[in-house]
Amino acid sequence: QMAAMADSAAAFMEVTGADQATAEQMMAASGNDLQAAVALFYAAETGGAAEPPADSDSMEAEPSAPSLPQGDLVADILSNARNETDERAETQPWAGAGRTLGSQPDAVGVPLDPPAPAGEPPESRHNAKRVRIIFWADGFTVEDLSAEEAEAAAAQPAAPAARKTGIQTLGDRRAAAAASPKMALPDLRKYEDNKQFMVDLKNGLPPSEFREIDLSSGTPRPRPVDIMLGDLRPASYPAHGGRAGPAPPPAAPQLTPFSGSGRSMRDMAAGSSSSAPVAPPSCEAITVDETLPQTTVQVRLQDGTRVRVTANHSHTVKQLHAHVASLTPNLAFELRAGFPPKSLAPQMDATLEQASLLSEAVVQAPL
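So the sequence shown is residues 200 to 566, counted in the working numbering.
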């Protein structure tokens, strides 16, 4: 056990740069927990204490955070972040070598990326934890981008979906849109419940929940934290922004079996639809007067049958229509003659002689 404590104290000294006495005191206060000891060491430094607490009981008491108005505190955090960015830009001017277009790196004898000056090693941001904090009027949200990126990288690429064939309907697009995941904001945190969190941000320190020990390089060291700030005030946190469950599946459409009635082409031709057929004026056969001039009219019925009708010159087209109707009862039709065939409906009161139907051919056409 003593050997384990000595190793932990050595790792603590390597991470924090503290002396042997401070390392042993911090490890004893944290129950030989290296991560807790490092967090306790940095918390003691930021709080202005020269020495860590003497016993573990004092660790359980949380330090009281100053009660500041949330608007002033957020403004101070954003202002400090801007000032820190400006100072970093001023203290690190560009110091590279220039060269003309077309020149080679060895033409001026200076490499493209000169090494950093001695005694000023570049700050390592390897495996940095990336966090995004958005300020709202009624609180703030915290999103761990590193965890989301790690989950996305660990996810296996899905097999390509089979190519769809056929016709895609609007209902298919709606179902796919409803099944697709929707973006959601992290849960809202209230300012009054996270005072120490806000004070740490104001002091330029990562909050305690972000402090981790990085072992990716083989040497224990505090993990760098990159915090991105966003200010969406005075807008309030959206009421629908929280993490919500999957959307319910769309309701299946109600299918109604066909309950209508069908019609054939013969029924349509015979006028057996819902609309009443047009009845002929009359269905009387022609009576021939042997004492008057006669003529023969050839009529081709709808079914293709040819009928020779004998009539007087004085018979009208209306009487010829009635005679054909007596041959094909319950059938709506009209008579057509000439080439191309034209309807005789406008000449119903004209005689066969006046309509130029003497010894002519007439066609029965359905309506």
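Each residue gets a CB set at the ideal place from its N, CA and C atoms; glycine is no exception.
Q) Taking just the CA atoms, how far does L400 sit from I276? A) Taking the straight line joining both Cα atoms gives about 6 angstroms.
Q: Determine which residues share a DSSP beta bridge with I333 and list them.
A: T340 and G429
Q. Does the separation of the CB atoms of Q497 and A560 fall below 9 angstroms?
A. Closer than 9 angstroms, so yes.
Q | Residue(s) in a DSSP beta bridge with S542 | A | R535
Q | Residues that DSSP places opposite P452 in a beta bridge | A | P452 pairs with nothing; no bridge assigned.
Q) Is there at least one Cβ from chain D nearer than 9 angstroms to N511's Cβ? A) Included in the structure is just one protein chain, with no chain D present.
Q: In angstroms with no decimal places, state the Cα-to-Cα distance between T215 and V237.
A: 7 angstroms
Q. Under three-state DSSP, which class holds N326?
A. coil
Q. Per DSSP, what kind of secondary structure is V506 in: helix, strand or coil?
A. In the structure shown, V506 adopts extended strand secondary structure according to DSSP, grouped into three states.
Q) What residue range is occupied by the uninterrupted beta strand (DSSP E) comprising Q553? A) Where Q553 is concerned, there is no enclosing beta strand (DSSP E), given that its DSSP letter is neither H nor E.
Q: Could you tell me whether the region 206-214 touches the region 224-233, where touching means 3 or more Cβ pairs closer than 8 angstroms?
A: yes
Q | DSSP state of R422 mapped onto helix, strand, coil | A | Three-state DSSP puts R422 in coil, outside helix and strand.
Q.
I need the straight-line Cα distance from P492 to E483, nearest angstrom please.
A. Computed Cα separation, rounded: 21 angstroms.
Q: List the endpoints of the continuous beta strand (DSSP E) containing T495.
A: Q493 to R499
Q) Taking buried to mean at least 16 other C-beta atoms within 10 Å of its own C-beta, is V487 buried or exposed? A) Burial call: exposed.
Q: Spatial neighbours of L534 within its chain, please: CB distance less than 6 angstroms, with the 5 preceding and 5 following residues excluded, ordered by chain position.
A: H520, L543 and V561
Q.
What does the alpha-carbon distance come out to for the pair V341 and G403?
A. 16 angstroms
Q. Which term fits T221, buried or exposed, when burial requires 16 or more other beta carbons within 10 angstroms of its beta carbon?
A. buried
Q.
I'd like the list of long-range same chain contacts for R324, defined as Cβ closer than 6 angstroms, with 5 residues on each side in sequence excluded.
A. If we look at R324 and ignore the five residues flanking it on each side, its Cβ neighbours are P423.
Q | Endpoints, beta strand (DSSP E) assigned at A564 | A | A560 to P565
Q.
Is the separation between the beta-carbon of Y241 and that of R410 shorter than 9 angstroms?
A. yes
**Q.** Counted within 10 angstroms of its Cβ, other Cβ atoms place D218 as buried (16 or more) or exposed
**A.** exposed
Q.
Classify L272: buried if its beta carbon has 16 or more other beta carbons within 10 angstroms, exposed otherwise.
A. The residue is buried, with at least 16 neighbouring Cβ atoms inside 10 Å.
**Q.** Cβ shell of S558 (< 7 angstroms), same chain only, five flanking positions each side left out
**A.** Same-chain partners within the cutoff: T494 and T495.
Q: My understanding is that R432 touches A280, with C-beta atoms under 8 angstroms, so please give their C-beta distance in whole angstroms.
A: Wrong, their Cβ atoms sit about 15 angstroms apart, outside the cutoff.
(Q) Can you tell me whether G427 is buried or exposed? The criterion is at least 16 other CB atoms within 10 Å of its CB, across all chains shown. (A) What sits at residue 427 in the sequence shown is Met, not Gly. By the 10 Å Cβ count, M427 comes out exposed.
Q) Buried or exposed: where does F538 fall if 16 or more other Cβ atoms within 10 Å of its Cβ makes it buried? A) When all chains shown are included, F538 counts as exposed.
Q.
Taking its Cβ as the centre, do 16 or more other Cβ atoms sit within 10 Å of P452, making it buried, or is it exposed?
A. exposed
Q. Can you tell which of A549, T418 and A536 has the C-alpha that lies nearest to the C-alpha of Q518?
A. A549
Q: In the DSSP assignment, find the unbroken alpha helix (DSSP H) run with F409 in it and report its ends.
A: Note, F409: premise wrong, no alpha helix (DSSP H); not H, not E.
(Q) Would L551 and S525 be called neighbours here (beta carbons separated by less than 9 angstroms)? (A) no
Q. Under the three-state reduction of DSSP, which class applies to D486: helix, strand or coil?
A. Note on residue identity: the sequence assigns Thr, not Asp, to residue 486. Correct three-state label for T486: coil.
**Q.** Integer-rounded CB distance, given that D413 should sit under 8 angstroms from P406
**A.** Not a contact, Cβ separation roughly 17 angstroms.
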